[in-house]
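A.B. asks: I have a structure I would like to understand better, so I am pasting it below and will then ask my questions one at a time.
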């Protein structure tokens with residue numbers, strides 16, 4: 447699947463998280479980075495080398511200028527099943543916080559992804 451087709455799919459509905467990670471691995475180089483998620487009382491910091499799936503996914507979505515819904519769709523079943531079907535759950539804190547705060551709450555301490563050169 448091309449990057450453009452993947453992005454279109456994410457804009458239409460949930461895509462498998464594993465497919466998101468494959469796209470990132472195929473098109474980007476990754477360097478671990480810490481990132482903040484949330485605003486005010488919800489703000490928390492993800493240390494570099496922790497929650498790397500979320501780090502990669504948020505960086506990928508930001509690089510490709512995805513809106514909040516398309517970004518959430520890239521989490522696949524973690525979003526569509528684990529979070530949406532269990533709204534009072536305490537798991538997947540990065541997803542749950544992003545739902546509340548959106549892009550306003552995501553700040554990286556360094557750039558985690560760079561586009562691979564052919």
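Residue numbers (my numbering): 447 to 564. From the three backbone atoms N, C-alpha and C, an ideal C-beta is built for every residue, glycine too. Note that the structure is a prediction, hence the values are computed from the model and not measured.
Determine, using beta carbons only, whether residue 461 and residue 510 come nearer to each other than 8 Å.
C.D. replies: Not a contact, by the Cβ cut-off of 8 Å.
A.B. asks: Enumerate in chain order the residues of its own chain whose CB-to-CB distance from residue 555 is below 7 Å, with the five nearest sequence positions on each side excluded.
C.D. replies: Only 479, 480, 481 meet the Cβ criterion.
A.B. asks: May I have the straight-line CA-CA distance separating residue 502 from residue 537, to the nearest angstrom?
C.D. replies: For residue 502 and residue 537, the distance between alpha carbons rounds to 19 Å.
A.B. asks: Look up residue 453 in the DSSP assignment and say whether it is helix, strand or coil.
C.D. replies: DSSP places residue 453 in helix when its eight states are reduced to three.
A.B. asks: Could you tell me the distance, in whole angstroms, from the CA atom of residue 476 to the CA atom of residue 521?
C.D. replies: The straight-line gap from Cα to Cα measures roughly 18 Å.
A.B. asks: If distances are taken between C-alpha atoms only, which option among 516, 551, 471 comes closest to residue 454?
C.D. replies: Closest by alpha carbon: 516.
A.B. asks: Just confirm the distance between the C-beta atoms of residue 572 and residue 559, as a whole number of angstroms; I'd bet it's less than 8 Å.
C.D. replies: This structure does not reach residue 572, given that the chain is present from 447 up to 564, and the question cannot be answered.
A.B. asks: When the Cα of residue 512 is compared with those of 447, 489, 448, 456, which residue comes out closest?
C.D. replies: Checking every option, the nearest Cα to that of residue 512 belongs to 456.
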